[in-house]
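Undergrad: I am attaching a structure below and will ask some questions about it afterwards.
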Amino acid sequence: MRYQVVADTARGDLFMSDSLGLEQGYPMFGVRVRANVFALASSAQRLTAISDSTPTVLLWLADDPPQDEDFIARLRSRGLTAMLAIPTYFVGRNGRPGWQDLRNDQALGFGIAAHSRTHSATTADGPDFVGEVLGSITDLDSMGFAPTTFVEPGNWPEAIAFDSVAKFKTWRASMVRTFAWVFASRVGPGTQPEPLTASTAFGIGHWTVSDGLPDSLIQSLWRQANQRGHFTAFGIHTWKLPSPGALDWFLDSLSQAQKAGRVRLIPDVVVSAPALDSVNEPR
Ligand SMILES: [Zn+2]
Numbered sequence: 121m122r123y124q125v126v127a128d129t130a131r132g133d134l135f136m137s138d139s140l141g142l143e144q145g146y147p148m149f150g151v152r153v154r155a156n157v158f159a160l161a162s163s164a165q166r167l168t169a170i171s172d173s174t175p176t177v178l179l180w181l182a183d184d185p186p187q188d189e190d191f192i193a194r195l196r197s198r199g200l201t202a203m204l205a206i207p208t209y210f211v212g213r214n215g216r217p218g219w220q221d222l223r224n225d226q227a228l229g230f231g232i233a234a235h236s237r238t239h240s241a242t243t244a245d246g247p248d249f250v251g252e253v254l255g256s257i258t259d260l261d262s263m264g265f266a267p268t269t270f271v272e273p274g275n276w277p278e279a280i281a282f283d284s285v286a287k288f289k290t291w292r293a294s295m296v297r298t299f300a301w302v303f304a305s306r307v308g309p310g311t312q313p314e315p316l317t318a319s320t321a322f323g324i325g326h327w328t329v330s331d332g333l334p335d336s337l338i339q340s341l342w343r344q345a346n347q348r349g350h351f352t353a354f355g356i357h358t359w360k361l362p363s364p365g366a367l368d369w370f371l372d373s374l375s376q377a378q379k380a381g382r383v384r385l386i387p388d389v390v391v392s393a394p395a396l397d398s399v400n401e402p403r
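Note that the sequence shown covers residues 121 to 403 in my numbering.
So, in structure tokens, the structure goes:
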């Protein structure tokens, strides 16, 4: 092998002799990963799903913006939690919640998921993509969070966007699958039947209820989420809300439903324990 290491990525060539003794060169790259990161996805298999038909709801807040702090207070005052999808390079920069804030949130029952390092629309295929996925998982792991979920950045370019079922049959999906138990992507509906399996949790969809979605539409998605035997993920960009309290009515509904036992809010995706051989089945 001949390679050069820049930051934590090696790029170079691998030379191999073929059966005639002729040397062939193949481009290669490598990304440094902490050894224990390999165990995260497999240890997540021990989660046991709750198997009644109460609808399950997951909220996730993306991107670690400064506005999360206010929104998290709104959730907590209503007895609600969420999963925080964190681009690890952002943490603590420019008024964003820092590592200690995230630790406090986790101690309060919030889930923490990896959401790339830099959330960049110019992320390139190959080593850059791998570094963004594994780097963010490794960063969270090294800060003590042991993430099992990776949330795809919505601005990733076409080559690495998981926007069709076919994209889940590529080496990129296999790579993510090795390190993440749950993969939130942009394909598929936000509501689906429970229990989630290893196969349905990998590539799970969501409904984005910030970003200017009209209340009437959020209301109809909320009605869908109330169907028995279903799981629904709602994604929220708190920095794209028209006002900090714009979703208070939605949080009130969620809180009332949770208190009455009509829905179960979870801070992390729960996957039913699978037979081991189903884990690597193509989607
Ligand atoms: Zn994002």
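Even for Gly, the Cβ is constructed at its ideal location relative to N, Cα and C.
Since the model is a prediction, treat every value here as computed from it, not as a measurement.
Evaluate the contact criterion for the stretch 264 to 277 versus the stretch 294 to 305: three or more CB pairs, one atom per stretch, below 8 Å.
TA: yes
Undergrad: By the 10 Å Cβ neighbour count, where 16 or more other Cβ atoms means buried, how is G145 classified, buried or exposed?
TA: exposed
Undergrad: What's the C-alpha gap between W327 and R213?
TA: 28 Å
Undergrad: If you run the structure through DSSP and keep just helix, strand and coil, what is S262?
TA: helix
Undergrad: Quick check: what's the CA-CA separation for A318 versus S162?
TA: Rounded to whole angstroms, A318 and S162 show a C-alpha spacing of 11 Å.
Undergrad: Looking at P309 and ligand 1, is the gap between the Cβ and the nearest heavy atom below 7 Å?
TA: no
Undergrad: What does E143 pair with, by DSSP beta-bridge criteria?
TA: S137
Undergrad: Short of 7 Å in beta carbon distance, which residues of its chain neighbour F249, apart from the five on each side in sequence? Order them along the chain.
TA: T243, I280, R292
Undergrad: G251 by DSSP, collapsed to three states: which one?
TA: helix
Undergrad: By the 10 Å Cβ neighbour count, where 16 or more other Cβ atoms means buried, how is F158 classified, buried or exposed?
TA: exposed
Undergrad: Would you give the residue range spanned by the alpha helix (DSSP H) that I192 belongs to?
TA: For I192, the enclosing alpha helix (DSSP H) covers residues 188 to 197.
Undergrad: Checking the sheet assignment: what are the DSSP bridge partners for L385?
TA: V177
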